[in-house]
């Protein structure tokens with residue numbers, strides 16, 4: 021990784037947007053990288069949508085607030101509408117399949133749909149959809165090692181939820197596997 | 005969020021508000037008095053959770069007025085003490101702050117600035133600059149004002165603030181903004197117990213072995229006496245000037261100098277990078293202390309650079325202090341947004357390009 025990776029995570033409150041970003045930031049910190057995590061905390065949060073900007077870099081991070089991203093990870097339609105055009109050319113857009121009606125239209129970026137909700141439901145754990153997405157993201161952009169994501173989970177999750185770590189690990193693997201050979205969408 | 009507090013020096017990922025609160029506990033504050041307000045409520049929350057476990061007092065006061073006057077009383081008793089709030093709450097504290105400054109009591113007040121005026125917005129802003137550096141309340145007084153630009157500094161400056169406050173017997177002030185309070189970054193926290201307490205002979209904490217009563221007051225009925233107090237304060241503020249701190253980023257060969265503090269300075273670092281990529285020599289001077297203000301350094305650089313751009317998250321407040329320091333040596337420009345909006349690095353860079361074009365600067 022040469023320069024900073026600037027990533028936006030966006031979706032509804034409760035989808036695990038902020039924690040997805042936090043876990044990525046924490047994992048990168050474990051790898052001695054510089055990190056910043058900037059949440060939205062304003063009126064949009066109160067309206068039910070949430071987003072956070074995560075920057076991971078090997079050198080000092082200048083602005084924690086940026087308007088163009090290397091990657092956007094969106095889990096609802098308003099977020100896709102808002103952030104599709106903030107992805108830098110050549111960048112990556114990941115979206116959760118069942119949460120999106122109007123598909124992205126850009127052709128100068130890589131768009132990856134991940135049926136995270138469907139796969140999470142198969143695991144009987146809807147809550148880990150975000151980890152499936154994160155797994156898919158890390159397959160495309162191996163910014164941090166999965167083992168460090170697991171260490172980060174141990175730090176970020178309260179101890180009473182530590183029994184959930186194995187299913188989170190499973191979710192990350194499902195996401196990674198999917199991103200390796202995504203099933204083509206037939207529109 | 006679950007993080008263990010036992011290991012001292014392990015880097016942690018923390019919100020600015022939490023890092024500041026944890027640093028204050030490690031700095032050995034005896035008590036915290038405050039009243040919740042976004043975007044700094046995590047500070048009160050953190051203290052409420054941690055202080056009882058670690059031997060300190062937390063009072064959620066009935067108002068900001070009450071909180072600052074509790075600080076006045078506790079500081080008068082010689083304890084290490086702080087409060088925090090955000091813009092509208094800080095306005096309510098100004099009377100108390102003026103009293104504390106007059107009575108020469110060390111304490112720390114933190115303002116996690118949000119957009120104003122009025123009840124305003126909860127988004128980050130730097131619109132309280134004047135209030136912080138020019139006194140804020142009534143009377144001729146100054147606070148020592150530190151402006152962090154990272155979560156690490158949110159923690160470190162708590163220690164610096166208490167060190168300075170106690171050295172000068174003067175209230176210290178941390179001026180940050182909502183984004184610095186809410187964002188998480190890597191932080192290595194200062195070690196607990198590394199800020200020793202000094203014995204003081206002025207505190208109203210009981211007679212002890214003293215022969216005379218200590219009196220803490222800000223009321224002087226005789227104008228002659230009040231003038232002497234003022235002269236003494238002014239002498240102290242003059243002595244405080246040597247505590248000035250700033251950070252210079254590529255200022256020595258710069259054609260265009262940006263001056264910005266706090267989050268604004270972080271955005272400007274990116275502008276410096278954007279400029280250097282295009283062979284435009286942009287430098288950044290970041291005041292770390294807003295009072296005392298790095299006026300000598302700005303005056304020195306004003307001779308070397310072709311133009312200065314002050315970048316603020318307000319309508320232009322620090323720009324007045326910069327202009328005074330520059331004193332006509334080079335043009336001083338301003339850009340910024342208000343009410344909780346933040347300029348993007350690209351917007352600021354565009355402003356730089358406009359300046360180069362309009363002022364027909366020949367760059368080195």
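Residue numbers (the working numbering), protein chains in the order written: chain A, 21 to 207; chain B, 5 to 368. For every residue, glycine included, the Cβ atom is placed at its ideal position computed from N, Cα and C. Model, not experiment: these values are computed from the prediction.
| message | DSSP three-state label for residue 223/B, please. | response | The residue labelled residue 223/B in the question sits at position 219 within the second chain. In the three-state scheme derived from DSSP, where H, G and I count as helix and E and B as strand, residue 223/B is classed as coil.
At what residues does the alpha helix (DSSP H) containing residue 160/B begin and finish?
By one-based count along the second chain, residue 160/B stands at place 156. Per DSSP, residue 160/B belongs to the alpha helix (DSSP H) from 155-172.
Exercise. If contact means a Cβ-Cβ distance below 8 Å, which residues of the segment 28-50 of chain A contact chain B?
Worked result: 42, 45, 46, 49
- Item | Contact set for residue 103/B: own chain, Cβ-Cβ below 7 Å, skip 5 residues either direction | Mapped onto the second chain, residue 103/B falls at position 99. These residues qualify, in order along the chain: 76, 222.
- Task: Give a yes or no on whether 8 Å exceeds the smallest Cβ distance from residue 274/B to chain A.
- Result: Residue 274/B sits at position 270 when you count from the first residue of the second chain. Yes, contact with chain A.
_First and last residue of the uninterrupted beta strand (DSSP E) at residue 85/A_ = Numbered from 1 along the first chain, position 65 holds the residue referred to as residue 85/A. Careful: residue 85/A lies outside any beta strand (DSSP E) and carries neither H nor E.
Notebook entry, point to check: From residue 198/A to residue 163/A, what does the alpha carbon distance come to, in whole angstroms?
Noted result: Numbered from 1 along the first chain, position 178 holds the residue referred to as residue 198/A. Numbered from 1 along the first chain, position 143 holds the residue referred to as residue 163/A. When rounded, the distance between both Cα atoms is 18 Å.
Chain-order list of residues whose beta-carbon lies under 8 Å from that of residue 89/A (same chain, five-residue window excluded) = Here the question's residue 89/A lines up with position 69 in the first chain. Taken in chain order, the residues that qualify are 26, 27, 28, 73, 103, 106, 107, 108, 111.
| said: Quick check on the DSSP output: the beta strand (DSSP E) that includes residue 366/B runs from which residue to which? | reply: Stepping through the second chain from its first residue, residue 366/B is reached at position 362. Here residue 366/B belongs to no beta strand (DSSP E), and DSSP marks it neither H nor E.
Where do the N-terminal and C-terminal ends of the beta strand (DSSP E) with residue 206/B fall, by residue? By 1-based counting over the second chain, the position of residue 206/B is 202. Careful: residue 206/B lies outside any beta strand (DSSP E) and carries neither H nor E.
Requested in this report: Could you please give me the residues that DSSP links to residue 181/B through a beta bridge?
Outcome: Residue mapping note: residue 181/B aligns to position 177 of the second chain, counting from 1. Partner(s): 117/B.
message: Using only the alpha-carbon positions, how far apart do residue 309/B and residue 242/B sit?
response: What you label residue 309/B is simply residue 305 of the second chain in a count that begins at 1. What you label residue 242/B is simply residue 238 of the second chain in a count that begins at 1. Approximately 28 Å between the Cα atoms of the pair.
Worksheet item: Roughly how many whole angstroms lie between the Cα atoms of residue 135/B and residue 295/B?
Response: Locating residue 135/B in the second chain gives position 131, counting from the first residue. Locating residue 295/B in the second chain gives position 291, counting from the first residue. Spanning the two alpha carbons is a distance of roughly 11 Å.
Say whether chain B places a C-beta atom closer than 8 Å to the C-beta of residue 58/A. Looking up residue 58/A in the first chain gives position 38. Interface residue, yes.
I want to know whether the segment 303-319 of chain B touches the segment 86-100 of chain B - three or more CB-CB distances under 8 Å.
no
- Item | Chain-ordered neighbours of residue 210/A on chain B, where CB pairs are closer than 7 Å | Outside the shown range of chain A (21 to 207) lies residue 210/A, about which nothing can therefore be said.
**OP:** Can you have a look at residue 319/B and say buried or exposed, based on whether 16 or more other CB atoms are within 10 angstroms of its CB?
**Re:** Working through the second chain from its first residue, we reach residue 319/B at position 315. Label assigned to residue 319/B: exposed.
Below 8 Å on the Cβ atoms is my guess for residue 174/A versus residue 185/A; work out the distance and round it to an integer in Å.
By 1-based counting over the first chain, the position of residue 174/A is 154. By 1-based counting over the first chain, the position of residue 185/A is 165. Their Cβ separation, rounded to whole angstroms, is 7 Å, which keeps residue 174/A and residue 185/A in contact under 8 Å.
Handout entry: Among 77/A, 129/A, 182/A, 170/A, the one whose alpha carbon lies nearest that of residue 154/A
Key = What you label residue 154/A is simply residue 134 of the first chain in a count that begins at 1. Closest by alpha carbon: 170/A.
Is residue 54/A close to chain B? Criterion is C-beta to C-beta, closer than 8 Å. If you number the first chain from 1, residue 54/A lands on position 34. Put simply, the CB of residue 54/A is near chain B, with a gap under 8 Å to one of its CB atoms.
Express the C-alpha separation of residue 171/B and residue 266/B in angstroms, rounding to a whole number.
-> The residue labelled residue 266/B in the question sits at position 262 within the second chain. The residue labelled residue 171/B in the question sits at position 167 within the second chain. Straight-line Cα distance between these residues: approximately 24 Å.
Distance cutoff 8 Å, beta carbons only. Does residue 115/A sit that close to anything in chain B? Within the first chain, the letter at position 95 stands for residue 115/A. With 8 Å as the cut-off, residue 115/A does not count as an interface residue toward chain B.
- prompt: Is the CB of residue 348/B under 8 Å away from at least one CB in chain A?
  reply: Your numbering for residue 348/B matches position 344 in the second chain. Chain A contact via Cβ: present.
_Using only CA atoms, which one of 56/A, 48/A, 81/A lies nearest to residue 377/B?_
Chain B is shown from 5 up to 368; residue 377/B falls before or after that span and cannot be answered.
> Taking the C-alpha atoms as reference points, what is the distance between residue 55/A and residue 69/A?
Replying inline: For the purposes of this step, residue 55/A is identified with residue 35 of the first chain, where counting begins at 1. For the purposes of this step, residue 69/A is identified with residue 49 of the first chain, where counting begins at 1. Roughly 23 Å separates the two Cα atoms.
* Could you name the residues of chain B that residue 62/A contacts, counting a contact when the two beta carbons are closer than 7 Å? => In the first chain, the residue the question calls residue 62/A occupies position 42. Those are 126, 127, listed as they occur along chain B.
Considering just the uninterrupted stretch of the beta strand (DSSP E) at residue 3/B, what are its terminal residues? What the structure shows of chain B is the stretch from 5 to 368, and residue 3/B is not part of that stretch, so it cannot be assessed.
Given this structure, state the Cα-to-Cα distance separating residue 130/A from residue 137/A, to the nearest angstrom. On the first chain, position 110 is the one that residue 130/A refers to. On the first chain, position 117 is the one that residue 137/A refers to. Cα-Cα distance, rounded: 21 Å.
With 8 Å set as the bound, which would you pick, yes or no: does the beta-carbon of residue 265/A sit closer than that to a beta-carbon of chain B?
Any property of residue 265/A remains undetermined from this structure, which presents chain A solely from 21 to 207.
Residue interval of the beta strand (DSSP E) (run including residue 90/A):
In the first chain, counting from the first residue as 1, residue 90/A sits at position 70. Element bounds for residue 90/A: 89-94.
**OP:** Apply the 10 Å Cβ neighbour rule to residue 349/B and answer buried if 16 or more other Cβ atoms are within range, or exposed otherwise.
**Re:** Mapped onto the second chain, residue 349/B falls at position 345. With 16 or more other Cβ atoms from the protein chains shown falling within 10 Å of its own Cβ, residue 349/B counts as buried.
Item checked: Distance CB(residue 149/B)-CB(residue 112/B) smaller than 8 Å -> For the purposes of this step, residue 149/B is taken as the residue at position 145 of the second chain. For the purposes of this step, residue 112/B is taken as the residue at position 108 of the second chain. Not closer than 8 Å, so no.
Going along chain A, which residues have a C-beta under 8 Å from residue 190/B? Residue mapping note: residue 190/B aligns to position 186 of the second chain, counting from 1. Those are 49, 54, 55, listed as they occur along chain A.
Open item on the list: Using a Cβ distance threshold of 8 Å, determine whether the segment 19-38 of chain B contacts the segment 46-57 of chain B, with at least three qualifying pairs required.
Closed with: Yes, the segment 19-38 of chain B is in contact with the segment 46-57 of chain B.
Task: Sufficient close CB pairs (3 or more, under 8 Å) joining the segment 197-216 of chain B to the segment 136-147 of chain B - done: no
Who are residue 36/B's beta bridge partners in DSSP? On the second chain, residue 36/B is found 32 positions in, with the first residue counted as 1. According to DSSP, residue 36/B bridges with 62/B, 86/B.
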